[in-house]
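Read through the structure below, which is laid out as structure tokens, and then see the notes.
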Amino acid sequence: MNIDKLVEDKKMTLKLSGRLDTTTSPDLDATINEQVDSIDELLLDFSELEYISSAGLRVLLSAQKKMGKKGGMTLTGVHDTVMEVFEVTGFADILTIE
Numbered sequence: 340m341n342i343d344k345l346v347e348d349k350k351m352t353l354k355l356s357g358r359l360d361t362t363t364s365p366d367l368d369a370t371i372n373e374q375v376d377s378i379d380e381l382l383l384d385f386s387e388l389e390y391i392s393s394a395g396l397r398v399l400l401s402a403q404k405k406m407g408k409k410g411g412m413t414l415t416g417v418h419d420t421v422m423e424v425f426e427v428t429g430f431a432d433i434l435t436i437e
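Take this note's numbering: the final residue in the sequence shown is number 437, and no numbers are missing along the way.
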């Protein structure tokens, strides 16, 4: 998985490509945690994300809890395959997906 990071003022945009799974989810968690205190908004661009596992879901849940206390977290560009995982797990109800 690749993570492209852009920080502007108090907003961080992360564009993910590839697979968010057990191997790669610690990278996303570390990237979010290193900036979480200095941002109010987190945008996750999933337009090039092909797959998400339960480990990736755990990272998203953790990020949602942290960002919910601040400004918010939004996911964009979610493909049908990943959206199906969100719907089956109930994450579609708790995440802001555009």
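The C-beta atom is built at its ideal place from N, Cα and C for all residues, glycine as well.
Note that this is a predicted model, so its numbers are computed, not measured.
DSSP bridge partner residues for residue i (one or two, in chain order)
i: residue 342; result: 355
i: residue 395; result: None, per the DSSP bridge assignment.
i: residue 412; result: 381
i: residue 350; result: 347 and 380
i: residue 387; result: 356
i: residue 436; result: 414
Euclidean distance between Cα positions of residue i and residue j
i: residue 384; j: residue 401; result: 17 angstroms
i: residue 382; j: residue 354; result: 8 angstroms
i: residue 390; j: residue 344; result: 19 angstroms
i: residue 347; j: residue 426; result: 31 angstroms
i: residue 419; j: residue 366; result: 24 angstroms
i: residue 386; j: residue 423; result: 15 angstroms
i: residue 433; j: residue 377; result: 23 angstroms
C-beta neighbour in chain B for residue i, strict 8 angstroms
i: residue 351; result: Judged by its chain identifiers, the structure shown contains no chain B, having just a single protein chain.
Beta-carbon proximity check, residue i vs residue j, cutoff 8 angstroms
i: residue 395; j: residue 360; result: yes
i: residue 414; j: residue 435; result: yes
i: residue 364; j: residue 388; result: no
Run of the alpha helix (DSSP H) containing residue i, from where it starts to where it stops
i: residue 367; result: 364 to 374
i: residue 420; result: 419 to 428
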